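Per the working numbering, the sequence shown runs over residues 10 to 261.
A virtual CB, placed ideally from N, CA and C, is assigned to each residue, including glycine.
Here the structure is a predicted model, which is why all the values come from computation and not from measurement.
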Amino acid sequence: MHVLLLGASRHIGFFVAQRLLAQGHTCTLLLRRLEAMESEPSMATYIQGGHAKLVGGDALLQPDVQRAWDVAKGDGKVDAVFFGIGGEPTFSLTKGAVLNPPDLTSRAMSVLLDVIQSSTTPADRPKLVTITSNGLDDRTHSMLPMPMRLLYGWALRLPHEDKIEQEKNVNRATGGDGRSAGWLPIENVTIVRPAFLTDGECKAEKKADGYRVGAELEKVWTVSRADVGHFIAEKVFADWGKWGGNAWVVGY
């Protein structure tokens with residue numbers, strides 16, 4: 010499988026890339042800083058062997074994303090795309106977490122979708138996995154533990170507004186917004202909505218039920234980025250017939 014990854018220099022995307030490469034897939038990574046991945050010891054063998062292809066560029070710039078797409082395509086096609094773009098927020102006492110630019114993920118998704126639409130035909134649309142967040146709508150927000158509701162409502166309000174727009178962009182592409190037929194088959198898209206992310210260990214490496222997954226989850230607190238990466242690489246991409254075409258909450 011040929012996979013294009015945006016937002017894989019660290020965190021969830023990095024774990025996804027590592028696992029897909031270990032499974033024998035070819036991964037093309039669009040990176041703002043190539044040196045960060047070129048100096049990563051765990052990637053050296055894959056880079057030297059041509060299984061990990063690194064493309065320098067900015068996910069907000071369509072020519073850069075197009076160039077990464079063309080590298081990923083090679084002589085064949087792009088089978089799947091992972092989108093895990095995220096920024097390093099600053100914190101404000103009045104606004105909570107603030108991204109610069111504030112529409113980072115939604116705008117980058119819009120650019121990616123434009124590239125996919127213009128570079129494929131209805132017969133070869135790729136699978137798309139994108140990361141947003143749990144608790145974005147009123148119902149799932151109400152299912153959060155009270156401390157998390159307060160945290161999400163203040164500290165993560167602005168990043169979550171961007172994630173909501175990101176999902177809207179995907180829904181417009183699939184026709185899930187009910188306003189158009191869409192051009193991207195809904196069964197080709199999986200949205201992953203993690204609980205509050207931590208840098209903890211991958212619990213799934215130690216036990217099969219290391220994390221919970223559901224369309225909705227009651228009283229979900231946190232989840233490690235490593236476990237979200239495990240879910241995407243070891244479950245979603247590995248068994249698309251079971252997990253594809255849906256939105257999943259992942260948490261403990």
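Through-space distance from residue j to residue i, alpha-carbon basis
i: residue 181; j: residue 154; result: 31 Å
i: residue 125; j: residue 221; result: 31 Å
i: residue 13; j: residue 87; result: 7 Å
i: residue 93; j: residue 102; result: 27 Å
i: residue 164; j: residue 156; result: 12 Å
i: residue 243; j: residue 76; result: 28 Å
i: residue 106; j: residue 98; result: 6 Å
i: residue 252; j: residue 50; result: 32 Å
i: residue 53; j: residue 32; result: 16 Å
i: residue 179; j: residue 198; result: 8 Å
i: residue 188; j: residue 194; result: 15 Å
i: residue 96; j: residue 256; result: 22 Å
i: residue 83; j: residue 45; result: 24 Å
i: residue 170; j: residue 148; result: 16 Å
i: residue 79; j: residue 47; result: 20 Å
i: residue 58; j: residue 15; result: 21 Å
Reduced DSSP category for residue i - H, G, I as helix; E, B as strand; rest coil
i: residue 37; result: strand
i: residue 154; result: coil
i: residue 114; result: helix
i: residue 256; result: strand
i: residue 216; result: coil
i: residue 120; result: helix
i: residue 125; result: helix
i: residue 65; result: strand
i: residue 51; result: helix
i: residue 199; result: strand
i: residue 246; result: coil
i: residue 21; result: helix
i: residue 60; result: coil
i: residue 94; result: coil
i: residue 238; result: helix
i: residue 89; result: strand
i: residue 105; result: strand
Neighbourhood of residue i by C-beta, 6 Å cutoff - its chain only, sequence neighbours within 5 removed
i: residue 184; result: 190 and 191
i: residue 17; result: 23, 26 and 38
i: residue 81; result: 11, 13, 37 and 87
i: residue 211; result: 235, 236 and 239
i: residue 139; result: 92 and 200
i: residue 35; result: 11 and 60
Distance between beta carbons of residue j and residue i, contact taken as under 8 Å
i: residue 21; j: residue 238; result: 5 Å
i: residue 129; j: residue 172; result: About 25 Å separates the two Cβ atoms, so there is no contact after all.
i: residue 108; j: residue 167; result: 7 Å
i: residue 254; j: residue 176; result: The pair is not a contact, with the Cβ atoms about 15 Å apart (cut-off 8 Å).
i: residue 225; j: residue 258; result: 6 Å
i: residue 204; j: residue 261; result: 7 Å
i: residue 64; j: residue 29; result: About 16 Å; that fails the 8 Å criterion.
i: residue 89; j: residue 136; result: 4 Å
Neighbourhood of residue i by C-beta, 7 Å cutoff - its chain only, sequence neighbours within 5 removed
i: residue 150; result: 144, 158 and 161
i: residue 141; result: 172, 175, 176, 200 and 202
Same chain only: Cβ atoms within 8 Å of residue i, ignoring 5 sequence neighbours per side
i: residue 3; result: Not covered by the structure: residue 3. The range shown for the chain is 10 to 261.
i: residue 116; result: 69 and 110
i: residue 227; result: 152
i: residue 100; result: 106, 107 and 164
i: residue 186; result: 177 and 180
Check: residue i C-beta below 7 Å from any heavy atom of the ligand FAD
i: residue 202; result: In terms of ligand content, the structure shown is empty, and the ligand FAD therefore cannot be addressed.
ask   = When the Cβ atoms of the stretch 113-127 are set against those of the stretch 59-70, are three or more pairs found closer than 8 Å?
value = Taking 8 Å as the limit for Cβ pairs, the verdict is that the stretch 59-70 does touch the stretch 113-127.
query = Does the count of Cβ pairs from the stretch 248-256 and the stretch 207-221 closer than 8 Å reach three?
reply = Contact fails: fewer than three Cβ-Cβ distances are below 8 Å.
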